[in-house]
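One structure is given below, encoded as structure tokens.
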Amino acid sequence: MSTVTVASTRPAVRGPDVPTPAPAASATGARSEPGEVAPGRLAGLDGLRAIAVAAVVLFHLDVSVLPGGFLGVDVFFVISGFLITRLLLREIVQSGGLRLGRFYARRSRRLLPAVLALMLGVMTAGTWVWHDQLSTLRGSVLSSLTYVTNWWLIADHQSYFVASGRPPMLQHLWSLAIEEQYYVLWSALILLLTGLVGRSRRRKGLGLPRVAWVAALLAVASTAAMAVIAIRGDMPYGADTSRVYFGTDTHGMGLLLGSLAGACAVSRSTRRQRAVVTRLVWLSDAIAVGALAVLTWTFVSVDEFQPWLYRGGFLLVDAIALVVVCTIVRPGSGVGRLLELPLPRWIGQRSYAIYLWHWPVVVVTRPGIDVHGPILLLDAARLGLILALAAASYRFVEQPLRHRRPRPQPTAIRLPTRARILTALGVFAAAPCAVILVVAAHSGPTASGRPTAASRVAASHQPLGPTSARSARGRPSRARTAPSGGSSPVRAVSAFGDSVMLGAQSALAAKFSVHRFDAVEGRQAGDVLDDVDSARASGSLAPVVVIHLGNNGIISPDRLARTLSGLRDRHQVVLLTDMVPRDWQDPNNHTLREVSRRFANTTLIDWRAISAGHPDWFYDDGIHLAPVGAAAYAGLIVAALHP
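Mind the numbering: the sequence shown is residues 710 to 1352 in our numbering, read in order.
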């Protein structure tokens, strides 16, 4: 039985994974004009990829106007699900069969070379300069090569949204892992649903509606799984959301919605064959513009700490992205043609490489930590470096391997091709190192003249009083202090916090009597409040309670209010706002202000406002307190205490 090749029915498919080839020249050799679409391509998808990857990159660059830029990954999921399902089902319809081995081989040939080049650069960088990456590099590389990065991150309790310090350089490959796992599982399921295996083989090709229904049901199931886990864990307040965000089972709704649309598109095309439906194109374009506007609004207005997102919100965002996909690929779409203009098409074709290279560049060039200077200039340089590396990857690694053709004289062509590939790999090994050495020369521990975080760890103290054994698997986070106040004796104090308060332990003990000191490194806000409640229940709380929480993650307003309500009988409760250059800083400080004003015995110290402009109070990581900062921290608390 003959089978139509996949390449003849579909252009290259990608989430943030497979770049779309440039439009081929016509038979006469003329190139397509801007906005025109070459035969066999779907209009607008490259432009939509450009929007999605721009949102992701700007989000990781900490551009404040795009708190929801991470949703660009879900746009990629929708595109990938749509294209991969359309590709597989069209092959089944046209040829009556599906060669999975060839399909998997082509996926590997298109995806692996660029990833291998990335890994080569990252491993060289970790070996030469960033030795802190070596502890996670082995696991990162092995999980990336086998496309199980997302499950490795889950098993290793690595957080995506709630983390400080330098994250693993290959952490972003979690999304590629989800896509590859989906390709394997979904293509096998399509064989079953279309009757190509089992006793229903005689009905092969007649199961397209079945594919659509199953995709819809699985999308709902994935959404429900995320919602159930989120509700049980009170995410994002009570637990980190990384489990549901990284999980293939809980974050598959975008791929499945795209597959639903892909199955419907093929089913309709089999009934209408080559009929080009151009009726009501104006209405389709109006819907596309509206959906793009709503999608942009989610990038600008949604953040990762909104509970509704994990209770059906991702499905809603994916549905909006799906509306955009379905309307821009419609024949005659004006919006699709606009998205095919040279700039968005150029970015979209290289979006796989941009996605691959942007993360390592971002994590080794953190402003104020790794590099110093005007933020706009730094971000422009970082973005330029990302685009340069992506363009090189697309030109020298992806394109030569993706467009290989049968060679009648292998010996005449093989050596130059191999030489180009080897040269490209050498460039990717050397280029990051050159950048790394430049960054290291202009930054590092001595750039700011401050002590290192390592010295902070070496100088850490043992707890003065009972210390909670409970600690969330978090990361130490940022905080800053205020001017020193008086040192007059005050009544006994119970203090609860995380590694920031832990760094001021000796300074606090010198200022007043610490009845209970309960500070644990990496502790989440919910754990701090749980320990306060436990101490109150056991009768071990002092009349004055000092609480510093939220440095490692989001604070639940209801949870904070419950704890403060239970402390109404205390003489005074002191809270401190967060000074954390992370996405949860402003939501946390808003929560602290709104909740604390409801309790007469609660004093709020605006740490963020007071501590601004005092970098000498911190170690080189900008998070933990240097001795002068610890003294200021303790003095600030003493000044706020009532006699």
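Even for Gly, the Cβ is constructed at its ideal location relative to N, Cα and C.
Tell me which residue opens and which closes the alpha helix (DSSP H) that residue i is part of.
i, result
"Phe1226", "That residue, Phe1226, is in no alpha helix (DSSP H); its beta strand (DSSP E) goes 1223-1228."
"Leu792", "781-804"
"Val998", "990-1010"
"Val1304", "1294-1305"
"Val923", "917-941"
"Ile1346", "1336-1349"
"Ala948", "Element bounds for Ala948: n/a, residue is neither H nor E."
"Asp1267", "1266-1275"
"Trp1017", "First-last for Trp1017: undefined, no H or E at that position."
"Val1034", "1022-1037"
"Asp1242", "1234-1247"
"Ser884", "883-902"
"Leu862", "858-864"
"Gly1322", "Segment: none, Gly1322 is in no alpha helix (DSSP H) and carries neither H nor E."
Within the continuous beta strand (DSSP E) that includes residue i, where are the two ends?
i, result
"Phe1205", "1202-1206"
On the criterion of 16 or more Cβ atoms from any shown chain inside 10 Å, does residue i qualify as buried, or is it exposed?
i, result
"Pro1083", "exposed"
"Thr1069", "Here residue 1069 is Pro; the residue named in the question, Thr, does not match the sequence. With 16 or more other Cβ atoms within 10 Å, it is buried."
"Trp1316", "buried"
"Asp774", "Checking the sequence, you will find Val at residue 774 rather than Asp. Val774 is exposed by the Cβ-count criterion."
"Ser1010", "exposed"
"Val1033", "buried"
"Thr836", "exposed"
"Arg1306", "exposed"
"Glu1303", "exposed"
"His1351", "exposed"
"Arg1039", "buried"
"Ile793", "buried"
"Ala814", "exposed"
"Ala1228", "buried"
"Trp895", "buried"
"Val937", "exposed"
Under the three-state reduction of DSSP, which class applies to residue i: helix, strand or coil?
i, result
"Leu1353", "Beyond the ends of the chain as shown, which are 710 and 1352, falls residue 1353; an answer cannot be given."
"Phe1327", "strand"
"Leu964", "helix"
"Thr959", "coil"
"Phe870", "coil"
"Ala1216", "helix"
"Ser773", "coil"
"Trp1068", "helix"
"Ala1168", "For Ala1168, the pLDDT reaches just 39, beneath the cut-off of 50, and the residue's location in the model is therefore unreliable, although a value from the coordinates is still provided. DSSP places Ala1168 in coil when its eight states are reduced to three."
"Val1106", "helix"
"Pro1290", "coil"
"Leu1250", "coil"
"Leu1086", "helix"
"Glu1013", "coil"
"Asp752", "A quick correction: the sequence has Ala, not Asp, at residue 752. It is coil, neither helix nor strand."
"Arg1189", "Unreliable placement is indicated for Arg1189, whose pLDDT of 33 sits below 50; the coordinate value is still reported in the next sentence. If DSSP states are grouped into helix, strand and coil, Arg1189 belongs with coil."
"Gly1045", "helix"
"Thr836", "helix"
"Ala763", "helix"
"Ala1099", "helix"
"Thr855", "coil"
Name the DSSP beta bridge partners of residue i, please?
i, result
"Pro1076", "Val1080"
"Thr1312", "Val1283"
"Val693", "With the chain running from 710 to 1352 in the structure shown, residue 693 is simply not present."
Is it true that the CB of residue j sits closer than 9 Å to the CB of residue i?
i, j, result
"Arg816", "Ile788", "no"
"His960", "Ser931", "yes"
"Arg1279", "Leu1250", "yes"
"Val1253", "Phe1205", "no"
"Gly1344", "Trp1326", "no"
"Leu898", "Phe786", "no"
"Met962", "Arg1020", "no"
"Ser849", "Trp860", "no"
"Asp1355", "Asp1012", "With the chain covering 710 to 1352 only, the question about residue 1355 has no answer from this structure."
"Phe791", "Leu1031", "yes"
"Tyr1103", "Arg1059", "yes"
"Asp755", "Glu1049", "yes"
"Tyr1432", "Ala1216", "The requested residue 1432 is not part of the displayed model; the chain covers only 710 to 1352."
"Gly1235", "Arg1268", "yes"
"Leu1001", "Val1026", "no"
"Pro1296", "Ile1263", "yes"
"Val1044", "Gly781", "no"
"Leu796", "Glu889", "no"
"Leu900", "Leu809", "yes"
"Ile1346", "Val1282", "no"
"Val1209", "Leu1334", "yes"
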